[in-house]
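Colleague: One structure coming up, written as structure tokens, with questions to follow.
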Amino acid sequence: MKWLITILTTALTTTGCMLESPNPCENSPIGCDVVPYTAPPPKPSQPSVTPTAGTESITISYATSGASYYFVHSSETLPVGVQNQIETTSSTHTFTGLDPNKEYHYTVTAVNDSGISPPSTTVKSQPGVAATTLAVSPTTDTSNTVTWTAVNGADDYIVYMSTATPVTTADTAVNAGTGTSYVHSGLTAGDTWYYMVTPRNEVGAATSAEVSTEVLPQTPGTLSAAPKAEGGAVTLSWTASAGHDGYNILYAAGSQTLAYLQANGSTKAITNTSKVSQNISSLNINQLGSYVIAAYNSAGNSVYSNVVEEQAVPRIPQLQTPDVSKPGKVTLTWIDNNGVNSFKVYRMTGSSGNPETAGTLIATLSGSTMTYTDTGFPAYGGTTYRYSVVPEGGGGVGNIGTRRNAVPTEPAWETIVEDVQIYNTLQVAGTSTGEAFVLGNEWNEPTMDATLRKYNNVAELDYSVILASGTNSQGYDRALALTVAPDGNLMTLMRHTVTNMPSHLTTSGTQLVYVLSKIDQSNGSVMWDVVINPYTDAQWTSVGTYHSFANSKWVGLLADMVVDSSGNAYVAWGSTGASGWVKYDTNGTLTASYDRVADTTGEILGRYSSKPAVVVLPDDSFFWFQHVEKNSTDYLMGSKWASDGSVIFKNRTLDVSRLAYYNHPNWERRSVTNGGIGVGGRGSNSRQGGTAVADAVGNIFVAFTNMTDRVLKFNSEGTYIGGTSDGIDSWMDEFVLATNGQDIYVVSADGAPDMNPKIARFDNTLATK
Numbered sequence: 009m010k011w012l013i014t015i016l017t018t019a020l021t022t023t024g025c026m027l028e029s030p031n032p033c034e035n036s037p038i039g040c041d042v043v044p045y046t047a048p049p050p051k052p053s054q055p056s057v058t059p060t061a062g063t064e065s066i067t068i069s070y071a072t073s074g075a076s077y078y079f080v081h082s083s084e085t086l087p088v089g090v091q092n093q094i095e096t097t098s099s100t101h102t103f104t105g106l107d108p109n110k111e112y113h114y115t116v117t118a119v120n121d122s123g124i125s126p127p128s129t130t131v132k133s134q135p136g137v138a139a140t141t142l143a144v145s146p147t148t149d150t151s152n153t154v155t156w157t158a159v160n161g162a163d164d165y166i167v168y169m170s171t172a173t174p175v176t177t178a179d180t181a182v183n184a185g186t187g188t189s190y191v192h193s194g195l196t197a198g199d200t201w202y203y204m205v206t207p208r209n210e211v212g213a214a215t216s217a218e219v220s221t222e223v224l225p226q227t228p229g230t231l232s233a234a235p236k237a238e239g240g241a242v243t244l245s246w247t248a249s250a251g252h253d254g255y256n257i258l259y260a261a262g263s264q265t266l267a268y269l270q271a272n273g274s275t276k277a278i279t280n281t282s283k284v285s286q287n288i289s290s291l292n293i294n295q296l297g298s299y300v301i302a303a304y305n306s307a308g309n310s311v312y313s314n315v316v317e318e319q320a321v322p323r324i325p326q327l328q329t330p331d332v333s334k335p336g337k338v339t340l341t342w343i344d345n346n347g348v349n350s351f352k353v354y355r356m357t358g359s360s361g362n363p364e365t366a367g368t369l370i371a372t373l374s375g376s377t378m379t380y381t382d383t384g385f386p387a388y389g390g391t392t393y394r395y396s397v398v399p400e401g402g403g404g405v406g407n408i409g410t411r412r413n414a415v416p417t418e419p420a421w422e423t424i425v426e427d428v429q430i431y432n433t434l435q436v437a438g439t440s441t442g443e444a445f446v447l448g449n450e451w452n453e454p455t456m457d458a459t460l461r462k463y464n465n466v467a468e469l470d471y472s473v474i475l476a477s478g479t480n481s482q483g484y485d486r487a488l489a490l491t492v493a494p495d496g497n498l499m500t501l502m503r504h505t506v507t508n509m510p511s512h513l514t515t516s517g518t519q520l521v522y523v524l525s526k527i528d529q530s531n532g533s534v535m536w537d538v539v540i541n542p543y544t545d546a547q548w549t550s551v552g553t554y555h556s557f558a559n560s561k562w563v564g565l566l567a568d569m570v571v572d573s574s575g576n577a578y579v580a581w582g583s584t585g586a587s588g589w590v591k592y593d594t595n596g597t598l599t600a601s602y603d604r605v606a607d608t609t610g611e612i613l614g615r616y617s618s619k620p621a622v623v624v625l626p627d628d629s630f631f632w633f634q635h636v637e638k639n640s641t642d643y644l645m646g647s648k649w650a651s652d653g654s655v656i657f658k659n660r661t662l663d664v665s666r667l668a669y670y671n672h673p674n675w676e677r678r679s680v681t682n683g684g685i686g687v688g689g690r691g692s693n694s695r696q697g698g699t700a701v702a703d704a705v706g707n708i709f710v711a712f713t714n715m716t717d718r719v720l721k722f723n724s725e726g727t728y729i730g731g732t733s734d735g736i737d738s739w740m741d742e743f744v745l746a747t748n749g750q751d752i753y754v755v756s757a758d759g760a761p762d763m764n765p766k767i768a769r770f771d772n773t774l775a776t777k
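9 is the number of the first residue of the sequence shown in this note's numbering; add one for each residue after it.
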């Protein structure tokens with residue numbers, strides 16, 4: 009259309025057919041039937057260009073009359089061509105996404121149906137910079153860091169800051185140059201600051217949005233930790249922070265680093281800003297804990313303090329009123345053992361003072377124990393004793409609670425009565441502190457139980473344990489020996505039918521066995537045990553048929569045990585079929601043995617003897633007595649071995665003048681009238697009463713049931729010194745001898761029908777005391 013208008017205008021001019029009056033085209037061969045002519049729009053006035061702040065854009069405005077639309081031409085260089093043009097009907101146009109580093113040139117032409125105007129005057133402009141994206145973060149308790157994104161075309165950045173909002177360009181300003189961050193320092197912890205950043209170029213500046221932050225709080229002063237005095241917690245202390253809203257304490261069990269606490273620690277928040285100490289009881293009392301603290305406000309946590317480690321001490325035990333209701337005893341009980349590894353019990357004489365410093369430590373107990381019975385009083389008669397209980401844990405010694413006074417009453421002899429159906433023989437041992445141990449076979453229908461009991465020094469039962477159990481109602485099981493070993497534990501010797509022996513032991517025989525055991529005296533548990541079986545099944549059963557009834561097995565084929573100062577145990581036996589001894593060390597290992605039947609050295613008498621009487625002398629030598637009978641003549645033979653097992657002498661007939669058989673009438677009554685157990689018979693199965701002890705200097709005292717002198721004395725080399733029957737000649741049951749190193753005690757029963765128990769005491773010359 010635009011070129012057609014131009015052609016028509018030219019043709020009309022050539023033919024002279026212009027639309028004027030008079031009509032020159034009236035006679036024209038081409039005629040004059042055309043539209044009226046409209047002139048193209050005039051040249052637009054000089055455009056106005058305006059950069060738009062913060063948008064990287066330029067707005068151009070223009071106007072002229074008679075224009076239907078416009079072409080807006082742009083170029084980064086001169087002259088402005090028509091290659092970059094925008095067609096628009098608007099009298100303004102905005103160019104966006106421009107580069108603030110460049111200048112842009114513009115011209116405008118107006119257009120209508122008649123044509124295009126000449127181009128306007130060329131104008132130029134440069135866009136402004138865009139606004140930046142702003143952020144601020146608290147850095148320390150005296151600084152904040154402001155950061156922003158780089159803006160294209162910015163010559164520099166101005167940072168405005170204020171403690172009030174909104175920030176304006178009238179507030180404190182810092183030219184940050186071309187960087188994209190600024191550290192605002194010298195601040196006060198906890199103050200709030202507001203920031204704005206304006207990037208600038210030649211055109212102007214663009215204002216950012218406002219950001220703000222609180223300055224981080226001051227780091228709390230040196231953190232310290234100590235066990236809480238009352239126990240059960242750790243007390244943390246620190247110097248107060250500034251600019252904070254509270255504190256966060258991180259803690260964890262064990263020795264930990266700050267990194268570990270930050271990643272895995274538990275948090276205790278404190279909102280009281282004036283607080284400078286805190287108890288932490290969340291960890292177990294028996295755990296070491298690690299602790300660290302930081303102050304906080306809306307900006308976050310301060311720098312963390314030093315890490316400290318501490319463990320709580322146990323809580324104070326609450327000692328109750330002592331129980332003095334039982335003679336010779338004061339029973340203490342207390343409350344609270346949380347975190348306690350051990351308790352120490354102290355006692356002093358008197359009703360005031362601190363037993364833990366002025367008194368004596370009388371017991372150290374496990375942390376699980378919260379009672380103790382005191383029985384070791386130096387005096388009675390209204391004497392007052394004062395007690396304290398001190399807890400100890402991994403964190404140290406806890407505080408002492410209430411101290412208590414008690415006045416014990418003097419103890420008296422007490423009789424122990426156990427509710428069992430039948431005791432088939434008993435063995436008894438005791439300690440220097442008054443504990444007593446009783447070993448016996450109890451017939452508790454339908455079982456026969458080998459039972460060990462422990463009693464404290466005021467006859468109270470500490471425990472009762474069954475070492476073996478079976479259904480042997482004949483009662484062939486028997487307690488043979490019981491003694492306290494040098495390490496404080498117990499050594500026991502039992503005879504069991506095979507069906508009644510401990511189930512974990514084995515033997516090739518089917519009749520009876522001896523079982524040697526080491527027992528933990530604190531609880532009665534078996535530390536080790538071994539089977540000793542020196543007889544064949546036929547030898548075991550021969551004693552059962554020797555007399556008129558099967559219960560003769562109660563007295564037949566017995567054995568004895570003694571223990572030396574190192575804890576080695578000797579077990580000795582003897583009968584018509586076998587005779588000898590074995591030696592086990594303190595760990596239950598067999599270290600030596602002796603077979604009397606196989607030994608043909610020395611005198612042959614005693615190769616088939618009854619149960620020997622054996623004793624360990626103060627130098628740990630081992631002495632063996634054999635009471636034998638041959639052709640109605642009684643002999644007492646002896647052998648002695650050194651502690652290393654070497655022979656000192658063997659199978660020697662000892663120089664004894666009073667070995668004649670002593671026929672107590674009640675023995676014959678029991679053996680003949682009652683079909684009894686044959687205590688008075690002369691066969692080797694009958695002589696079962698052998699027992700021996702040694703005093704502190706090595707003199708030996710021995711008793712056999714059927715000797716005229718009921719107790720004999722020998723020196724350590726086996727030389728006979730003397731004997732006695734004074735006051736004990738009518739006693740008919742097996743003797744038990746005991747010594748305190750000086751005096752000799754004899755225990756048995758008299759010959760009366762009711763078999764009354766008896767005890768006699770002699771000095772070491774066998775004079776009656």
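Backbone N, C-alpha and C define an ideal beta-carbon position, used for all residues, glycine too.
1. Hey, is the region 68–82 in contact with the region 112–122, meaning 3+ C-beta pairs nearer than 8 Å?
2. With a CB to CB cut of under 7 Å and the five nearest residues on each side skipped, what residues in its chain are close to S189?
3. Can you tell me the Cβ-Cβ gap for M499 and V398, rounded? I've got them flagged as a contact below 8 Å.
4. Does the Cβ of H555 have 16 or more other Cβ atoms within 10 Å, making it buried, or fewer, making it exposed?
5. Take I301 and list the residues in its own chain whose beta-carbon comes closer than 8 Å to its own, dropping the five residues that flank it on each side.
6. So the beta strand (DSSP E) Q319 belongs to, where does it begin and stop?
7. Identify, in the order they occur along the chain, each residue of the same chain with its Cβ nearer than 6 Å to the Cβ of T594, setting aside the five sequence neighbours on each side.
8. Checking 7 Å against the spacing of the C-beta atoms, do N508 and D537 come in under that value?
9. Distance, Cα to Cα, G161 vs P108?
10. Count the other C-beta atoms from every protein chain shown that fall within 10 angstroms of the C-beta of T221, then say buried if there are 16 or more, exposed otherwise.
11. Round the Cβ separation of A487 and N449 to the nearest angstrom and send it over; I've been treating them as touching at under 8 Å.
12. Is D457 helix, strand or coil by DSSP?
13. Apply the 10 Å Cβ neighbour rule to F633 and answer buried if 16 or more other Cβ atoms are within range, or exposed otherwise.
14. Can you grab the Cα-Cα spacing for the pair V466 / A444, in whole Å?
15. Smallest Cα separation from S249: which of S647, E218 and D149?
16. Grouping DSSP H, G and I as helix and E and B as strand, with all else coil, what is E400?
17. Could you tell me if F770 is buried or exposed, where buried requires 16 or more neighbouring beta carbons within 10 angstroms of its beta carbon?
18. Where does V506 fall in DSSP's three states?
19. Is L266 helix, strand or coil by DSSP?
20. Given A768, which residues of its chain have a CB within under 6 Å of its CB, disregarding the five upstream and five downstream residues?
21. Between K777 and Q547, what straight-line distance do the alpha-carbon atoms span, to the nearest angstrom?
22. Taking 8 Å as the limit between beta carbons, can you name the residues of its chain near S99, skipping five residues before and five after?
23. Report, in whole angstroms, the separation of the C-beta atoms of L625 and A702, which I expect to be a contact under 8 Å.
24. Go to T365, then tell me how far its alpha helix (DSSP H) extends in each direction, as first and last residue.
25. Exposed or buried, what is N305 when buried is set at 16 or more other beta-carbons lying within 10 Å of its beta-carbon?
26. Just the C-alpha distance for A437 and L566, rounded to the nearest angstrom, thanks.
27. Does the Cβ of D627 have 16 or more other Cβ atoms within 10 Å, making it buried, or fewer, making it exposed?
28. By Cβ distance below 8 Å, which residues in the same chain neighbour Y202 in space, the five residues on each side in sequence not counted?
29. Exposed or buried, G336, counting other C-beta atoms within 10 Å across all chains shown (16 or more means buried)?
30. Pull up the CB-CB distance for A138 and A214, whole angstroms please, since I reckon it's below 8 Å.
31. Whose CA, out of S525, P48 and R503, lies closest to the CA of V534?
32. Return the residue from the list E95, S216 and P454 that minimises the CA-CA distance to T141.
33. For A650 versus V710, is the C-beta distance shorter than 7 Å?
34. Alpha carbons only, please: which of K236, K110 and T441 is nearest the one belonging to Y463?
35. Hey, how far is the Cα of I317 from the Cα of W342?
36. Please state if the CB of T410 and the CB of L327 are separated by a distance shorter than 7 Å.
Modeller: Here's the rundown:
1. These segments touch.
2. Working through the sequence shown from its first residue, we reach residue 189 at position 181. So the qualifying residues of the chain are T153, V154 and T155.
3. As a first step, residue 499 must be located in the sequence shown, where it is residue number 491. As a first step, residue 398 must be located in the sequence shown, where it is residue number 390. In fact, because the Cβ distance is near 36 Å, the residues do not count as touching under 8 Å.
4. Position 547 of the sequence shown, counted from the start, is the residue given in the question as residue 555. With a pLDDT of only 38 at H555, under the threshold of 50, the placement of this residue in the model should not be trusted, and no figure is reported.
5. The count along the sequence shown starts at 1 and reaches residue 301 at position 293. Taken in chain order, the residues that qualify are P228, L231, L244, W246, Y255, N256, I257, L258, Y312 and S313.
6. In the sequence shown, the residue the question calls residue 319 occupies position 311. V316 to Q319 is the extent of the beta strand (DSSP E) around Q319.
7. Locating residue 594 in the sequence shown gives position 586, where the first residue counts as 1. Here the set comprises G575.
8. Your numbering for residue 508 matches position 500 in the sequence shown. Your numbering for residue 537 matches position 529 in the sequence shown. No, these two residues do not count as a Cβ contact at 7 Å.
9. Taking the first residue of the sequence shown as 1, we reach residue 161 at position 153. Taking the first residue of the sequence shown as 1, we reach residue 108 at position 100. Between G161 and P108, the C-alpha separation is close to 5 Å.
10. Here the question's residue 221 lines up with position 213 in the sequence shown. Burial call: buried.
11. On the sequence shown, residue 487 is found 479 positions in, with the first residue counted as 1. On the sequence shown, residue 449 is found 441 positions in, with the first residue counted as 1. The beta carbons of A487 and N449 sit about 6 Å from each other, so the pair counts as a contact at 8 Å.
12. Numbered from 1 along the sequence shown, position 449 holds the residue referred to as residue 457. DSSP, read as helix, strand or coil, puts D457 in strand.
13. Along the sequence shown, one-based indexing puts residue 633 at 625. Flag for F633 reads buried.
14. Mapped onto the sequence shown, residue 466 falls at position 458. Mapped onto the sequence shown, residue 444 falls at position 436. About 10 Å.
15. Locating residue 249 in the sequence shown gives position 241, where the first residue counts as 1. For S249, the closest of S647, E218 and D149 by C-alpha to C-alpha distance is D149.
16. For the purposes of this step, residue 400 is taken as the residue at position 392 of the sequence shown. Strand, per DSSP.
17. One-based indexing of the sequence shown puts residue 770 at position 762. Within 10 angstroms of the beta-carbon of F770 lie 16 or more other beta-carbons, which makes it buried.
18. If you number the sequence shown from 1, residue 506 lands on position 498. In the structure shown, V506 sits in a helix (DSSP, three-state: H, G or I).
19. To locate residue 266, count along the sequence shown from 1; it is residue 258. Correct three-state label for L266: helix.
20. For the purposes of this step, residue 768 is taken as residue 760 along the sequence shown, with counting starting at 1. Contacts found: G735, I736 and V754.
21. Residue 777 sits at position 769 when you count from the first residue of the sequence shown. Residue 547 sits at position 539 when you count from the first residue of the sequence shown. So the two alpha carbons sit approximately 43 Å from each other.
22. Taking the sequence shown and counting its residues from 1, one reaches residue 99 at position 91. Cβ within range, chain order: S69, Y70, A71 and Y78.
23. For the purposes of this step, residue 625 is taken as residue 617 along the sequence shown, with counting starting at 1. For the purposes of this step, residue 702 is taken as residue 694 along the sequence shown, with counting starting at 1. With a beta-carbon spacing of about 5 Å, L625 and A702 fall inside the 8 Å limit used to define contacts.
24. In the sequence shown, counting from the first residue as 1, residue 365 sits at position 357. Where T365 is concerned, the enclosing alpha helix (DSSP H) starts and stops at P363 to A366.
25. Counted from its first residue, the sequence shown places residue 305 at position 297. Result: buried.
26. By 1-based counting over the sequence shown, the position of residue 437 is 429. By 1-based counting over the sequence shown, the position of residue 566 is 558. Taking C-alpha positions only, A437 is separated from L566 by approximately 19 Å.
27. Along the sequence shown, one-based indexing puts residue 627 at 619. By the neighbour-count criterion, in which a residue is buried when 16 or more other Cβ atoms sit within 10 angstroms of its Cβ, D627 is exposed.
28. By one-based count along the sequence shown, residue 202 stands at place 194. M169, S170, T171, A172, T173, P174, V175, E218, V219 and S220.
29. Residue mapping note: residue 336 aligns to position 328 of the sequence shown, counting from 1. By the neighbour-count rule (16 or more Cβ atoms within 10 Å), G336 is buried.
30. Position 130 of the sequence shown, counted from the first residue, corresponds to residue 138. Position 206 of the sequence shown, counted from the first residue, corresponds to residue 214. In this structure A138 touches A214 by the C-beta definition: roughly 6 Å separates them, less than 8 Å.
31. Working through the sequence shown from its first residue, we reach residue 534 at position 526. Among S525, P48 and R503, the Cα nearest to that of V534 belongs to S525.
32. Within the sequence shown, numbered from 1, the residue matching residue 141 stands at position 133. Per the Cα distances, S216.
33. Residue 650 sits at position 642 when you count from the first residue of the sequence shown. Residue 710 sits at position 702 when you count from the first residue of the sequence shown. No. Outside cutoff.
34. Counted from its first residue, the sequence shown places residue 463 at position 455. The shortest C-alpha to C-alpha distance from Y463 to any of K236, K110 and T441 is the one to T441.
35. Position 309 of the sequence shown, counting from 1, holds the residue named residue 317. Position 334 of the sequence shown, counting from 1, holds the residue named residue 342. Residue 317 is actually Glu in this sequence, not Ile. In a straight line, the C-alpha of E317 is about 30 Å away from that of W342.
36. What you label residue 327 is simply residue 319 of the sequence shown in a count that begins at 1. What you label residue 410 is simply residue 402 of the sequence shown in a count that begins at 1. Their beta carbons are under 7 Å apart, which means L327 touches T410 by this criterion.
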